[in-house]
Amino acid sequence: MKKVTAKDVAARAGVSVSAVSRAYRGNAPIAEDKRKAIFAAATALGYVSKVDQVLAKQSSNTISMVLSEMRNPFYPIVMDELTRMLPARGLKAIMHVVPAAEDVDTMIRQVIDFRTQGVILASSTITSGLARACRQNGIPAVLLNRVQTDSTMMAVCCDNYGGARTIARRFLDGGRQRIAFIGGRRDTSTHLERMRGFRDQLEEAGREIAVQFDGGFSYRQAYAAAQEMLVQRPMPDAVFCANDIMAIAMLDAARNKGISVPGDLAVIGFDDIPMAAWESYRLTTMRQPLRRMLDQAVDIILSAESYVGTGDIRVLAGELQERQSG
């Protein structure tokens, strides 16, 4: 079979050979539409650039992680934990951080170029397309704390559904009457499973979510939702926030309005980021077993040959961290 060259890629993409060369150099000037056309042509032809070859050699015994939402403190913690644990297993880490406005195709190409042993996807923004592209290129991809309805998907996640049920039971056992929910992003399995578990547990007790707001998994959006919730009459006496940063926003909003926590309002989060234990918050929250989740994600990658044509979804139980807020 004839070896595919940069000239072949250039002809298919309708550009010059020098443009193909520039496309593979991250700091070289080239129009984004041309870069996309070149990468699409290269993928279709099976072209492997010299850059790809060098990266492939450099990336043996290496795991990639794709992260987004870096304003959420949970994701820097994920990154730190992975980089700490991999050396003990003789592995290295490469991080790909997705800027908020990053083009999906460009990020997919960047990840594929590195040809690592596998990819851990901790991004809610490009999970589907990237996981599919990785599989097509023979690179194992494991979703972290996200699941999809795909029989070939590999994922490790906290028991979001079960954890949310535990939180609802705590509110019910504490005699809370008007129970609210501040959710994250409705297009993510994390939000959907936490909302569903919380709602189902309340409904089984003959109750319902009194009021619900979208917090977008962000401090700013959740703070605005909290301000709106706290002026309602009657005001909720308990609120489950689908992650810790939103729960912290709720605690700040309650403090600014002089509302007693947990006396007038019980607040529970999810994740157990370090800020949750700070003296000014003392947030009750569901802890994700992050170290075990990452260990199992790496295990799946290293044994990926066993999963050809099949999937593997592992769900690990969280643990309620009881502090003073709820």
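Position in the sequence shown (from 1) plus 15 gives the number in this note's numbering.
Backbone N, C-alpha and C define an ideal beta-carbon position, used for all residues, glycine too.
Limits of the beta strand (DSSP E) - the one that Arg86 falls within: Segment: none, Arg86 is in no beta strand (DSSP E) and carries neither H nor E.
Cβ pair Ala241, Ala225 closer than 8 Å: It is not a contact, given that the beta carbons lie outside the stated cut-off.
Straight-line Cα distance separating Ile260 from Tyr234: So the alpha carbons of these two residues sit roughly 6 Å apart.
Beta bridge counterpart(s) of Cys256 as assigned by DSSP: In the DSSP assignment, Cys256 is bridged to Ile197.
C-alpha distance - Ser138 paired with Ser83, whole-angstrom precision: The straight-line gap from Cα to Cα measures roughly 5 Å.
Short Cβ contact (8 Å threshold) for Met301 with Gly189: For Met301 and Gly189, no; Cβs fall outside 8 Å.
Residue burial classification, Val246 (beta-carbon count within 10 angstroms, cutoff 16): So Val246 counts as exposed.
Integer-rounded CB distance, given that Ile283 should sit under 8 Å from Pro88: Rounded, the Cβ-Cβ distance is 17 Å, inconsistent with contact.
Rounded Cβ spacing between Phe232 and Arg200 (contact assumed at less than 8 Å): Going by Cβ atoms, the distance from Phe232 to Arg200 rounds to 6 Å, so yes, they are a contact pair.
Backbone CA spacing between Lys272 and Arg130 [nearest angstrom]: Cα to Cα, Lys272 sits roughly 52 Å from Arg130.
Ala312 beta carbon less than 8 Å from that of Val157: In this structure, Ala312 lies closer than 8 Å to Val157 by Cβ.
Cβ-based burial, Met394 [other Cβ within 10 Å; buried from 16]: There is simply no residue 394 to check, as the chain begins at 16 and stops at 341 in what is shown.
Val113 (DSSP reduced to helix, strand or coil): In the structure shown, Val113 adopts coil according to DSSP, grouped into three states.
Coarse secondary structure for Phe232, derived from DSSP in three states: Residue state, collapsed to three classes: coil.
Those runs of the beta strand (DSSP E) which lie wholly inside the region 306-337 and span at least 3 residues: Within the region 306-337, the complete beta strand (DSSP E) runs of at least 3 residues fall at 327-331, 334-336.
Gln227 (DSSP reduced to helix, strand or coil): Under the three-state reduction of DSSP output, Gln227 falls in the strand class.
Residue span of the alpha helix (DSSP H) that contains Ile182, given as start and end: Start and end: 175-188.
Of the listed residues Arg27, Thr20, Lys107, Ala237, nearest to Ala195 (C-alpha basis): Closest by alpha carbon: Ala237.
Backbone CA spacing between Ile274 and Gln192 [nearest angstrom]: Spanning the alpha carbons of Ile274 and Gln192 requires a straight line of approximately 17 Å.
Thr299, enclosing beta strand (DSSP E) - first and last residue: For Thr299, the enclosing beta strand (DSSP E) starts and ends at 299-302.
Distance between beta carbons of Val171 and Met85, contact taken as under 8 Å: Met85 to Val171, Cβ: 21 Å. No contact.
Outcome for Gln216 when other beta-carbon atoms lying within 10 angstroms are tallied against a minimum of 16: Counting C-beta atoms within 10 angstroms of its own C-beta, Gln216 has 16 or more neighbours from the protein chains shown and is therefore classed as buried.
Identity of the residue in Gln163, Met244, Arg99 nearest Ala262 by Cα: Checked all of Gln163, Met244, Arg99; the closest Cα to Ala262 is Met244.
Extent of the continuous alpha helix (DSSP H) to which Met210 belongs: For Met210, the enclosing alpha helix (DSSP H) begins and ends at 204-219.
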